[in-house]
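> Quick note, the sequence shown lines up with residues 453 to 816 if you use our numbering. Think of the CB as a built atom: it goes at the ideal place given N, C-alpha and C, for glycine as much as any other residue. Please read these numbers as outputs of a predicted model, since none were measured by experiment.
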Amino acid sequence: MQQFFFRSVGIVHKIKNVCFIPALIFCVSFVLNKPQGRPTSTAVGTGGEKTNIKYNVEGGAAVYQFKGRYKDYDESGAFKRYSKDVTDWTVHGISPLMIPEDRELAYKYYSYVPGAVWVEKLLFCDETEVTNLDWDEYRQLSGDTTTYRNANPAMEAMKYNISEQVYYFPVVNVSYEAAVRYCKWRTEVVTAYYNNLNGYMKKSPEYTVFEFSLPTKEEWIKCAASGTDTSKYPHVYTAKKIETKVNKDAVHFLQRLGSRITETDLKLFNENVHSDYPFNCKREENTWLNLETPFYVWDYPMNNLGIYNMLGNVSEMTLEKGIAKGGSYRDPYADCTVNHVFKYTSPADNLGFRCVCKLKWPNK
Numbered sequence: 453m454q455q456f457f458f459r460s461v462g463i464v465h466k467i468k469n470v471c472f473i474p475a476l477i478f479c480v481s482f483v484l485n486k487p488q489g490r491p492t493s494t495a496v497g498t499g500g501e502k503t504n505i506k507y508n509v510e511g512g513a514a515v516y517q518f519k520g521r522y523k524d525y526d527e528s529g530a531f532k533r534y535s536k537d538v539t540d541w542t543v544h545g546i547s548p549l550m551i552p553e554d555r556e557l558a559y560k561y562y563s564y565v566p567g568a569v570w571v572e573k574l575l576f577c578d579e580t581e582v583t584n585l586d587w588d589e590y591r592q593l594s595g596d597t598t599t600y601r602n603a604n605p606a607m608e609a610m611k612y613n614i615s616e617q618v619y620y621f622p623v624v625n626v627s628y629e630a631a632v633r634y635c636k637w638r639t640e641v642v643t644a645y646y647n648n649l650n651g652y653m654k655k656s657p658e659y660t661v662f663e664f665s666l667p668t669k670e671e672w673i674k675c676a677a678s679g680t681d682t683s684k685y686p687h688v689y690t691a692k693k694i695e696t697k698v699n700k701d702a703v704h705f706l707q708r709l710g711s712r713i714t715e716t717d718l719k720l721f722n723e724n725v726h727s728d729y730p731f732n733c734k735r736e737e738n739t740w741l742n743l744e745t746p747f748y749v750w751d752y753p754m755n756n757l758g759i760y761n762m763l764g765n766v767s768e769m770t771l772e773k774g775i776a777k778g779g780s781y782r783d784p785y786a787d788c789t790v791n792h793v794f795k796y797t798s799p800a801d802n803l804g805f806r807c808v809c810k811l812k813w814p815n816k
């Protein structure tokens, strides 16, 4: 038997003599309150974005923020994107929040599905791709010793999968089997937190399972389309390009990610072009904007549901092995549509994943 401390909306809950997940043999602390603004390599959050497990405490992952010069290293300030003309930011009149029963479910459980947004009824979807930091937390706490490679020179030079500089970039080069193991572990962690907090035993009718998995193709399309008519807007956004400015202090940072940017390129772009795609794909113009890695998971505009980077950045694994969706930083704009299907046979430096979550009550 262990004694656990949980933090929920500013209240510390002390729960004695509760059996926890056998694989997690130590005390675990959780935090529901997320940091103000989005975390970055120089301002790391206080706990796991996908688990709410606090960092740097007994039972939590050891996490350190990057000690670099702010303007040079902080990924959130590299670009300024003005997205007011991308979409009308509505779900075109079909928002499930209009249904009282669904609204009640969302309010009741939303806070307990870390890192996710509500899609409909009992379905939630991760706000972002699973990041390098999310994956490092998983490996530290689960004991998974899976190794993976840095697949290109830019990634190798910056040690992409372990560097604090890219904590909040998508994890890549992960196998389908490893992604499934991650989903299973996250299911155990989040389920245990909610039920321990509320005092629900495993045989109780109220015992709730937060089941994380890779999305089916249909679920992925629902989350990506976010209510948009994709026959009319295959890329979801109504504008092909959005106003974009590049931070003059970001040159060296972008070069480390594989960009061939020069200060002259940046100056001419900001003065004359200042527009870019609304997601991270391969450019045929201004090719110095193409990187050899994915980018920060909270960059680029979110869709109608508040989900980031469903298109571009990294192709995302689905529940059907070998099938990915969304396209990546290596794929042209034309291919990064909601309905396009990508196939893969092995881990790749442009292939990642995100989870969906379904609520289940096994005793009802």
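Arginine 555 by DSSP, collapsed to three states: which one?
In the structure shown, arginine 555 sits in a helix (DSSP, three-state: H, G or I).
> Measure the C-alpha to C-alpha separation of tyrosine 619 and alanine 513 and round it to an integer number of angstroms.
Spanning the two alpha carbons is a distance of roughly 13 Å.
> So, phenylalanine 805 versus lysine 777, is the Cβ gap smaller than 8 Å?
Not closer than 8 Å, so no.
> Would the stretch 782-799 and the stretch 750-757 be scored as touching if the rule is three or more Cβ pairs under 8 Å?
No, because fewer than three Cβ pairs between the stretch 782-799 and the stretch 750-757 fall closer than 8 Å, the two stretches do not touch.
> Exposed or buried, aspartate 681, counting other C-beta atoms within 10 Å across all chains shown (16 or more means buried)?
Exposed, because fewer than 16 other Cβ atoms sit within 10 Å of the Cβ of aspartate 681.
> Please determine, among Leu741, Thr639, Phe664 and Asn756, the residue with the shortest C-alpha to C-alpha distance to asparagine 765.
That would be Leu741, whose Cα lies nearest to the Cα of asparagine 765.
> Rank Thr660, Lys700 and Asn738 by C-alpha distance to the C-alpha of asparagine 815 and give the top, closest one.
Comparing Cα positions, the closest option is Thr660.
> When the Cβ atoms of the stretch 661-668 are set against those of the stretch 635-650, are three or more pairs found closer than 8 Å?
Short answer: they touch.
> Just to confirm, is the Cβ distance from valine 688 to alanine 677 under 8 Å?
Yes, they are a contact pair.
> When the Cα of alanine 530 is compared with those of Gln707, Asn508 and Ala603, which residue comes out closest?
Answer by Cα proximity: Gln707.
> Look at the Cβ atom of tyrosine 634, then the Cβ atom of tyrosine 564, and state whether they are nearer than 8 Å.
Contact: no.
> Is the separation between the beta-carbon of arginine 445 and that of serine 528 shorter than 8 Å?
Here the chain has residues from 453 to 816 only, and residue 445 is not among them.
> Would glutamate 695 and serine 727 qualify as a contact pair, given that the criterion is a beta-carbon distance under 8 Å?
Against a cut-off of 8 Å, the Cβ pair of serine 727 and glutamate 695 comes out as a contact.
> Give the secondary structure of leucine 574 by DSSP, where H, G and I count as helix, E and B as strand, and everything else as coil.
Here leucine 574 sits in coil by DSSP.
> Rank Glu744, Asn755 and Leu718 by C-alpha distance to the C-alpha of asparagine 738 and give the top, closest one.
It is Leu718.
> Would you decide whether lysine 560 is buried or exposed? Buried here means 16 or more other CB atoms lie within 10 Å of its CB.
By the neighbour-count rule (16 or more Cβ atoms within 10 Å), lysine 560 is not buried but exposed.
> In or out: arginine 712 buried (at least 16 other Cβ within 10 Å) or exposed?
The residue in question, arginine 712, is exposed, as its Cβ has fewer than 16 Cβ neighbours within 10 Å.
> Need the endpoints of the beta strand (DSSP E) that alanine 776 sits in, please.
Alanine 776 -> beta strand (DSSP E) spans 775-777.
> Pick from Lys573, Cys807 and Lys519: whose alpha carbon is nearest that of lysine 669?
Among Lys573, Cys807 and Lys519, the Cα nearest to that of lysine 669 is on Cys807.
> Give the secondary structure of valine 470 by DSSP, where H, G and I count as helix, E and B as strand, and everything else as coil.
In this prediction, valine 470 scores a pLDDT of 29, lower than 50, which makes its location untrustworthy; no coordinate-derived value is stated.
> Going by DSSP, what residues sit across from serine 615 in a beta bridge?
For serine 615, which the question treats as bridged, DSSP gives no partner whatsoever.
> Could you check how far apart the C-beta atoms of cysteine 675 and cysteine 577 are, in whole angstroms? I think they sit under 8 Å.
That belief holds up - the Cβ atoms of cysteine 675 and cysteine 577 are roughly 4 Å apart, short of 8 Å.
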